[in-house]
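Numbering (the working numbering), first residue to last: 7 to 274.
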């Protein structure tokens, strides 16, 4: 007998911040195919409309767009109000909105750190606080925060600080909401292949020693990954879909690493 895993997501409602590009859009594609109703959230209305037009063809569920700045409290509250009006609420929140990694070196000051924390840490918390009450009322919910492996290595103060903070916030929320049917987890992707990757590799090559090529940058990155290549956005999204499903209830308050395996490190 062949067992087929049903993620039991048909008819669920998900809000995906950063849903117009990158890992957020990859999550939207996978959840749409699983029959989930989606609210795609990002700042750029045109990018949202483009993403929604693609995602809407992938499954039977509804897809709405809600232009939102997660760095602004009033904007997040307005988003939550729209989600309640249009979808009746949210069962799943995937926090993926953040300033993109361009791969280019730039000076980082106090204002940059504050901006990073406001969007990725406080922004995630704003969205969780705005949508969790509805999950509490229904007795079921899933919150998945996308952070990153900069939480586990040096090289970027802002990258490390914001991702470690997301992990700490995740555990606090998991302890707060776990007894009320809501699990909260953080996913740490490494360098992930999405539509943004070619531009990021170009930026990394430009920031490296003179004469460094894109091919050399990519080879160096992939030499550090145990599976020998970058994980794709879709592969991250399937992990997120499992955590968002009833099947993933045993995982709560934890950091799940999705970087293809970092060579030479042991975490236990």
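Idealized CB from N, CA, C, for every residue including glycine.
The region 154-166 makes no contact with the region 235-254: fewer than 3 CB pairs, one atom from each, lie closer than 8 Å. Per DSSP, the beta-bridge partners of residue 43 are 19. Residue 234 and residue 144 have their alpha carbons spaced roughly 43 Å apart. Out of 213, 60, 251 and 267, the CA that lies nearest to the CA of residue 71 is found in 60.
For residue 132, no beta strand (DSSP E) segment is defined; the enclosing uninterrupted segment is the alpha helix (DSSP H) at 129-144. For residue 132, the number of other beta carbons within 10 angstroms of its own is at least 16, and it is reported as buried. The Cβ-Cβ distance between residue 130 and residue 76 falls below 9 Å.
When rounded, the separation of the alpha-carbon atoms in residue 126 and residue 206 is 19 Å.
Spanning the alpha carbons of residue 69 and residue 170 requires a straight line of approximately 32 Å.
Your pair residue 192 and residue 153 checks out as a contact, with CB atoms roughly 5 Å apart and the cut at 8 Å. Taking the Cβ atoms as the reference, residue 32 lies roughly 6 Å from residue 200, within the contact range of under 8 Å. DSSP links residue 151 through a beta bridge to 101 and 192.
Residue 19 is a Cβ neighbour of residue 94, given a cutoff of 9 Å. For residue 262, the three-state secondary structure derived from DSSP is strand.
Under the 10 Å beta carbon count, residue 151 is surrounded by 16 or more other beta carbons and is classified as buried. If you draw a straight line from the Cα of residue 121 to the Cα of residue 58, it is about 27 Å long. Bounds of the beta strand (DSSP E) holding residue 71 are 69-73.
In this structure, the beta-carbon distance from residue 97 to residue 67 does not fall below 9 Å. For residue 261, the closest of 252, 210 and 180 by C-alpha to C-alpha distance is 180.
For residue 51, the uninterrupted alpha helix (DSSP H) run begins and ends at 51-61, by DSSP. Separation of residue 86 and residue 141 (C-alpha to C-alpha, rounded to the nearest whole angstrom) is 12 Å. For residue 48, the three-state secondary structure derived from DSSP is strand. Rounded to the nearest whole angstrom, the CA to CA distance from residue 91 to residue 176 is 27 Å. Just so you know, the alpha carbons of residue 174 and residue 164 end up roughly 15 Å apart. Under the 10 Å beta carbon count, residue 273 is surrounded by fewer than 16 other beta carbons and is classified as exposed.
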